[in-house]
Amino acid sequence: MTTDGADGLVHIGEVAERTGLSHRTIRYYEEMGLVSPAGRTEGGFRLYDEAGIARLLLITPMKPLGFSIEQIGELLGALDTTADPEADPADRERARTVLDEAHAGVGQRIRDLREATARAESFADRLGREVSRSVPGR
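Numbering follows our numbering, with no gaps: position 55 of the sequence shown is 90.
Structure, rendered in structure tokens:
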């Protein structure tokens, strides 16, 4: 592990390894305000703490599910608000609505993916039968 002293901060290379994200993607997420390094080395290299890594791991499955950068930012903000015991009750309620809508959207996406998978499996079975019929000795 590439750490910077006893504070447990790790360089972007270690973060990339642990999250499966490229350096460029991590920097892009930083530029978009989704994650912030916990510090920098004297040479200016980004350093991340466990909270930053956890945030990146939370972001990772959102992109393949079709969430835009803006939606990811909104979701992260909602999660931050619901985790803040001092957040205004109205803000917490708005955050809960955002999370409920995202949860419903992910549920629909899962159903869509299951249907698409079933169609693909059916097609693969049909192709397999066609191959078996058209190849002597199978």
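From the three backbone atoms N, C-alpha and C, an ideal C-beta is built for every residue, glycine too.
How would you call residue i, buried or exposed, if buried means at least 16 neighbouring beta carbons within 10 angstroms?
i    : result
T37  : The predicted position of T37 is uncertain, since its pLDDT is 49 and thus under 50; a value taken from the coordinates is nonetheless stated next. The residue in question, T37, is exposed, as its Cβ has fewer than 16 Cβ neighbours within 10 Å.
A86  : exposed
I145 : exposed
A159 : exposed
A130 : buried
H58  : exposed
Within its chain, find whatever has a CB closer than 8 angstroms to the CB of residue i; leave out the 5 residues flanking it on each side and keep chain order.
i    : result
E109 : V133
I94  : Y64, L69, V70, I107 and L111
A41  : Its pLDDT being 47, under 50, A41 is placed unreliably by the model, and the measurement read from it follows with that caveat. Excluding positions up to five away in sequence, the list is empty.
V141 : L100
According to DSSP, is residue i part of a helix, a strand, or is it coil?
i    : result
L91  : helix
G43  : coil
L56  : coil
L69  : coil
L82  : strand
G101 : coil
Using a Cβ-Cβ cut-off of 7 angstroms (strictly less than) and excluding sequence neighbours within five positions of residue i, which residues of its own chain qualify?
i    : result
S169 : none
Within its chain, find whatever has a CB closer than 6 angstroms to the CB of residue i; leave out the 5 residues flanking it on each side and keep chain order.
i   : result
M97 : I107
Task: Residue ranges of each alpha helix (DSSP H) within the segment 95-147, 4 or longer - done: Listed in chain order, the complete alpha helix (DSSP H) runs (minimum 4 residues) inside the segment 95-147 are 104-118.
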